[in-house]
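What the sequence shown shows, in my numbering, is residues 0 to 496, in sequence order.
We put the beta carbon where it would ideally sit given N, CA and C, even for glycine.
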Amino acid sequence: MKRHLLIFSLLLTGCAEKYTQSAEIDENQTFQTVDGFGASDAWTIQTTDSWQEETVQKAADLLFSKDRGIGLSIWRFNLGAGSAYQGEDAQIQPFTRTECFLKPDGEWDFSKQGAQVEFMKEAQKRGVETFIAFLNSPPVNFTQNGLATNTGRGGTFNLKPDCYGKFADFMAESVKGLEENHGIKISYICPVNEPDGHWNWLGPKQEGTPATNAEVAKITRVLDSSLSAKNLDTKILVNESSDYRAMVSTHQTESDRGFVIQTLFNEDSSSNVLGLKHVDKLIAGHGYWTNTPLDFLRSMRQNLHDTLDKFGVKFWMTEQCIMGNDEEIGFGHGFDTTMKTALYVARCIHYDLVLANASSWQWWRAIGENYKDGLLQEFGEETVISGKLFDSRLLWTLGNYSRFVRPGAKRVSIKLSSGESPTGLMASAFKNADGKLVAVIINYSDKDESVKFPQKISEVYLTNDNPGNKLKRQPSVKTVAQIPAKSVVTVVFTSLP
């Protein structure tokens with residue numbers, strides 16, 4: 000009899016759902032609304048007019064399709080300054096030079112930046128509605144040194160003092176022309192990019208200019224008037240800070256380019272941008288250089304959140320890629336198709352969302368070369384002509400968020416029974432506008448895990464290094480999701496049991 004009872008007990012144990020920990024999701028405890036996930040077209044997209052059409056379509060599908068790709072919902076368009084017209088005199092790397100809708104002779108030509116515009120149309124066909132135009136420099140016609148690069152001329156705006164109005168009208172006319180000529184509506188325009196950065200302004204490399212907070216505020220006010228004069232409802236996005244530290248304090252610059260949140264969104268500041276028709280209480284910043292060490296990764300984002308909360312400002316993370324201090328994954332050089340870079344970035348996404356309360360998260364370059372700055376990689380003319388385009392587990396890891404956490408989703412509370420760890424399990428949960436609940440679980444460790452939820456599971460999607468596991472759908476297992484080592488898993492729920 001005892002032997003039979005033992006066998007019966009073992010059978011019951013085998014039938015039970017096995018899990019290493021449990022998760023508690025509270026849909027009533029909500030945080031920020033998610034506006035979307037995205038990437039930018041710099042600089043490879045301007046060469047896609049020389050690609051085979053099937054390669055262009057493949058790239059668009061991988062980036063924007065919610066069925067065949069990762070379903071990005073935001074696209075950043077680099078509105079060019081015209082350095083391409085200057086040739087070697089531009090003092091800028093050839094690959095990073097850009098065309099401009101306003102030609103050097105003062106004539107408008109909306110056939111310029113044609114490959115980028117056509118790619119925006121491909122994004123639009125696949126459901127992208129939010130387009131951001133960002134500028135690294137004013138058009139060369141308006142700059143103080145006649146160049147789109149700062150060439151170490153100091154920490155002020157490379158714009159002639161009498162050209163603020165002309166620059167603002169250029170941006171407004173570009174927005175209007177894109178819609179009238181191409182049917183592309185620009186939702187946001189950012190007149191400056193990394194104005195508080197120091198690294199890009201020490202010598203020629205790419206288009207760019209610093210600007211003080213007062214100069215950022217001035218061009219924002221003038222642009223607000225220009226957009227209103229043309230009856231445009233495009234919003235102005237400020238200020239694409241180069242480093243979170245400059246947003247809340249100073250970092251390698253003087254105070255006139257630091258304390259950005261406290262300056263631009265403080266009614267006691269003479270350089271505030273509050274109350275303008277085209278400016279929301281929204282700031283954009285870049286996550287570079289703040290991903291390591293792990294204690295700093297988290298404390299910096301908590302500090303950023305606290306400052307944003309104090310001034311009632313919403314936050315978008317609009318650029319991230321791998322830099323020279325990201326030692327854990329071998330720094331930036333060398334395109335990485337594996338989960339090594341993907342998990343490292345997933346951890347950044349997680350803490351930007353759950354600690355900094357970012358309402359949007361956007362990778363830097365959609366397509367790159369032999370560097371860890373692209374979701375996709377092309378190796379030059381021969382490969383794109385032959386139709387080859389290389390994806391990465393980074394692409395599909397971002398897709399765990401972008402495909403399933405749609406614009407309008409609310410982040411909700413999720414707690415793991417063992418707590419979370421930046422070297423173990425990390426979890427975030429979201430309730431979409433259609434009521435669909437999803438959770439994204441990152442397993443940074445070498446140990447397989449399984450998580451039991453109170454909600455019934457509808458679908459599970461896995462991304463890891465195993466062949467074919469690129470948002471690969473897994474068998475449904477009632478209320479327990481398997482989270483393999485070194486993986487990212489999206490769990491889609493039905494309803495409470």
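- So is Ser82 buried or exposed if we call it buried at 16+ other beta carbons inside 10 Å? buried
- Just how far apart, CA to CA, sit Leu236 and Tyr187? 6 Å
- Identity of the residue in Ile440, Gln31, Val476 and Lys409 nearest Ile456 by Cα: Val476
- Query: Is DSSP giving Gly176 helix, strand or coil here?
  - Reply: helix
- Pull up the CB-CB distance for Asp40 and Gln115, whole angstroms please, since I reckon it's below 8 Å. 5 Å
- Mapping DSSP to helix, strand and coil, what is Ile69? coil
- Coarse secondary structure for Arg392, derived from DSSP in three states: helix
- Query: What are the uninterrupted segments assigned as alpha helix (DSSP H) that are 4 or more residues long and contained completely in the region 291-371, given in chain order?
  - Reply: 293-310 and 338-353
- Task: Decide if Pro292 is buried, meaning its Cβ has at least 16 other Cβ atoms within 10 Å, or exposed.
- Result: exposed
- Message: Can you find the residues in the same chain that come closer than 7 Å, C-beta to C-beta, to Gly13, ignoring five residues on each side of it along the sequence?
- Response: Legend: pLDDT at Gly13 = 37, less than 50; position of this residue unreliable, no value from coordinates given.
- Task: Flag this pair as yes or no: are the beta carbons of Ile73 and Ser412 separated by less than 8 Å?
- Result: no
- To which residues does DSSP link Thr462 through a beta bridge? Val487
- Query: Taking Gly37 as the reference, which of Ile366, Ala438 and Asp305 has the closest Cα?
  - Reply: Ile366
- Message: Give me the DSSP bridge partner(s) of Arg472.
- Response: Tyr460
- Task: Label Asn180 either buried or exposed according to how many other C-beta atoms from any shown protein chain fall within 10 Å of its C-beta, with 16 as the threshold for buried.
- Result: exposed
- In chain order, what residues of the same chain have a beta carbon less than 6 Å from the beta carbon of Trp395, not counting five sequence neighbours either side? Thr462, Lys469 and Leu470
- Query: For Gln376, is the classification buried or exposed, using 16 other Cβ atoms within 10 angstroms of its Cβ as the cut-off for buried?
  - Reply: buried
- Item | Extent of the continuous alpha helix (DSSP H) run through Thr54 | Glu52 to Phe63
- Item | the region 475-491 touching the region 445-456, judged by at least three CB pairs closer than 8 Å | yes
- In whole angstroms, what separates the C-alpha of Ile482 from that of Ile440? 7 Å
- Item | Ala209 classed as buried or exposed, judged by whether at least 16 other C-beta atoms fall within 10 angstroms | Before going further, note that residue 209 is Pro rather than Ala in the sequence given. Buried: at least 16 other Cβ atoms inside 10 Å.
- Task: Leaving out five residues on either side along the sequence, give the residues of the same chain with a beta carbon under 8 Å from the beta carbon of Tyr343.
- Result: Asn290, Ile321, Asp325, Glu327 and Ile328
- Item | Inter-stretch contact (C-beta, 8 Å, three-pair minimum) for the region 277-287 and the region 224-236 | yes
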